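Protein chains in written order, with our numbering: chain B, 211 to 476; chain W, 211 to 476.
Beneath this line is the structure, given in structure tokens, with notes to follow.
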């Protein structure tokens, strides 16, 4: 019997060329599909909520897939975690609602970007943070980030995906936080959809605010310009984590409407 | 002019066969000596405070070395960090006091061991924690750890090093703490000296207390037995960090006395 399943996936993206299948290179999707094929005995397509770039990590990627399975969810999850490499793990595996699609049903997603702000690089943080040696001023970065909230045309910070042309997205929250870990500051952004490379482009531009090269008003001017050439450099991938994906309450039925086609490609 | 220098070293031990030079395999000491030789132009012996095992990390290893150097400390530190691989970094480089020896002058050291206690393994924590799936009870582990404080014969938890035969060491503090990071509990131990594998042997045995296989009184009985065969398994290296080394106040002159020959080999 084919059943439709969903799960949360955590991965360390360091050794992968991103989420999505690509010929000849290791990807997270390929690793999951290979493990599932070995378990259920037939090729199994896995769909993810966010198509993370090479080197980007996830603590809360959501996947769905359909597979023939006759035993318990616990057994399937255990089998996945036994066959997957140590840098990918599956949790909360369960039956998916009828019509559920990990990407199309997503209402919103949260990404977090970690920056190590100190003069010296850190060997044990190097895989999960961007190292910035110049002193960052959190106040102006926070002020600039606040301009992101609401529905805006984010054309200055990325290109559309999914075959659409709109670059309008709705940001529900965008905030910088200091960590209790020495020197780490993190940018958290919750939005109904993201453009390609949007979080990393925002971080790269907000870091220019943090070092005083742009002021918060200048950041707002870049946002309003809708001019991709005015934003800062795209920040390196290793600081970025897909943290969580929100689906409609109660179940996760596919919804039409403005959020449907705005899913994350970061 | 030859000058004697000291520095703090942070490293990710994942890809090294421990601190100490070994023919044909990468070690942290070898990486530091190679970088220094390339900078100063002559072979340079580096001495470390703790000879960490393969896979063990350090946030506060202390080193000393003598080298011909005519420019600033900042330039030498920058050169080291430019030539060292990303998983090793040098900080706080400065002139060492006359007679200073990173290992022999050390008064005490602190090691921390991180355990991820949850059913599911974690891809992004896997290099820096030991994964324990059985639920750990922190109360009994804490009670057992308290028995370690003071001067005891720790023969049940390791073999002596440095050519001595004594297995008596003084533990200044030993405590378990929950982290704010979900599921992580950490064992911190501050002692004037350590036996070979002592921290990992203590952790392996304390984990048996945490899962109820031994009670705190049983742990005390193992300590008192001085019988290496009664302690638990030696915990895997990846959870262990050398955090800090304490030297005599004011300077770091070599001291005779009981602490001199009790330096860490973990």
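All residues carry an ideal CB built from backbone N, CA and C; glycine is no exception.
Fair warning: this is a prediction, and the values are worked out from it, not measured in the lab.
Between which residues of its own chain and residue i is the CB-CB distance below 6 angstroms, once the five residues before and five after are set aside?
i: residue 335 (chain W); result: 326
i: residue 249 (chain B); result: 289
i: residue 443 (chain W); result: 414
Classify residue i as helix, strand or coil using the three-state DSSP reduction.
i: residue 427 (chain B); result: helix
i: residue 450 (chain B); result: strand
i: residue 375 (chain W); result: coil
i: residue 358 (chain W); result: coil
i: residue 380 (chain W); result: strand
i: residue 330 (chain W); result: coil
i: residue 236 (chain W); result: coil
i: residue 216 (chain B); result: strand
i: residue 243 (chain B); result: helix
i: residue 337 (chain B); result: coil
i: residue 303 (chain W); result: strand
i: residue 224 (chain B); result: helix
i: residue 347 (chain W); result: coil
i: residue 388 (chain W); result: strand
i: residue 456 (chain B); result: strand
i: residue 262 (chain W); result: coil
i: residue 401 (chain W); result: strand
i: residue 275 (chain B); result: strand
i: residue 313 (chain W); result: coil
i: residue 406 (chain W); result: strand
i: residue 415 (chain W); result: helix
i: residue 282 (chain B); result: coil
i: residue 251 (chain W); result: coil
i: residue 396 (chain W); result: strand
i: residue 420 (chain B); result: helix
i: residue 318 (chain W); result: strand
So, at 8 angstroms on beta carbons, what are the nonlocal neighbours of residue i in its own chain, with the 5 sequence-adjacent residues on each side left out?
i: residue 382 (chain B); result: 318, 359, 400, 401, 402
i: residue 228 (chain W); result: 237, 238, 261, 262, 263, 264, 265, 266
i: residue 352 (chain B); result: 385, 386
i: residue 422 (chain B); result: 347, 350
i: residue 280 (chain B); result: 211
i: residue 428 (chain B); result: 419
i: residue 304 (chain B); result: 215, 216, 217, 283
i: residue 389 (chain W); result: 324, 395, 396
i: residue 247 (chain B); result: 253, 254
i: residue 463 (chain W); result: Unreliable placement is indicated for residue 463 (chain W), whose pLDDT of 39 sits below 50; the coordinate value is still reported in the next sentence. Closer than 8 angstroms at the Cβ level, and outside the excluded window around residue 463 (chain W), lie 307, 308, 309, 310, 315.
i: residue 435 (chain W); result: 366
i: residue 430 (chain B); result: 354, 357
With a CB to CB cut of under 7 angstroms and the five nearest residues on each side skipped, what residues in its chain are close to residue i?
i: residue 413 (chain W); result: 323, 397, 445
i: residue 302 (chain W); result: 217, 218
i: residue 274 (chain W); result: 214, 215, 216, 257, 306, 310, 311, 312
i: residue 409 (chain W); result: 321, 323, 399, 450, 476
i: residue 278 (chain B); result: 211, 212, 250, 252
i: residue 364 (chain W); result: 377, 379, 405, 408
i: residue 230 (chain B); result: 237, 239, 261
Of the residues the options, which one's Cα is nearest the Cα of residue i?
i: residue 418 (chain B); options: B:347, B:297, B:316; result: B:347
i: residue 225 (chain W); options: W:217, W:219, W:235; result: W:235
i: residue 424 (chain W); options: W:248, W:434, W:441; result: W:441
i: residue 380 (chain B); options: B:361, B:387, B:433, B:443; result: B:361
i: residue 251 (chain W); options: W:416, W:216, W:276; result: W:276
i: residue 448 (chain B); options: B:305, B:338, B:216, B:292; result: B:338
i: residue 329 (chain W); options: W:304, W:213, W:345; result: W:345
i: residue 455 (chain W); options: W:233, W:438, W:404, W:433; result: W:404
i: residue 411 (chain B); options: B:304, B:432, B:375, B:246; result: B:432
i: residue 342 (chain B); options: B:416, B:363, B:270; result: B:416
i: residue 393 (chain W); options: W:340, W:436, W:374, W:435; result: W:340
i: residue 220 (chain B); options: B:459, B:457, B:458, B:452; result: B:452
i: residue 457 (chain B); options: B:391, B:286, B:270; result: B:270
i: residue 286 (chain B); options: B:259, B:245, B:272; result: B:245
Pull up the CB-CB distance for residue i and residue j, whole angstroms please, since I reckon it's below 8 angstroms.
i: residue 257 (chain W); j: residue 223 (chain W); result: So it is not a contact: roughly 18 angstroms between Cβ atoms.
i: residue 356 (chain W); j: residue 294 (chain W); result: With 8 angstroms as the limit, residue 356 (chain W) and residue 294 (chain W) do not qualify as a contact, their Cβ atoms being about 40 angstroms apart.
i: residue 288 (chain B); j: residue 299 (chain W); result: Contact flag wrong, Cβ pair sits at about 39 angstroms.
i: residue 354 (chain B); j: residue 438 (chain B); result: In fact, because the Cβ distance is near 18 angstroms, the residues do not count as touching under 8 angstroms.
i: residue 296 (chain W); j: residue 296 (chain B); result: Incorrect: roughly 20 angstroms between the Cβ atoms, too far for contact.
i: residue 272 (chain B); j: residue 259 (chain B); result: 4 angstroms
For residue i, decide whether its Cβ has a neighbour in chain A, counting only Cβ atoms nearer than 8 angstroms.
i: residue 220 (chain B); result: In summary, chain A is missing from the structure at hand, where the protein chains are B and W.
Using a beta-carbon distance cut-off of less than 7 angstroms, what residues from the segment 332-352 of chain W approach chain B? 332, 333, 334, 336, 338
What residues in the segment 286-310 of chain W have a beta carbon less than 8 angstroms from any beta carbon of chain B? 291, 296, 297, 298, 299, 301
Members of the segment 249-267 of chain W near chain B, C-beta cut-off 7 angstroms: Residues passing the 7 angstroms Cβ filter: 267.
At a Cβ cut of 7 angstroms, what residues of the segment 311-330 of chain B count as close to chain W, listed as they run along the chain? 330
Residues, ordered as in the chain, of the segment 410-441 of chain B that lie near chain W by beta-carbon distance below 9 angstroms: none
Of all the residues that make up the segment 389-400 of chain W, which are near chain B by a beta-carbon distance shorter than 7 angstroms? 390
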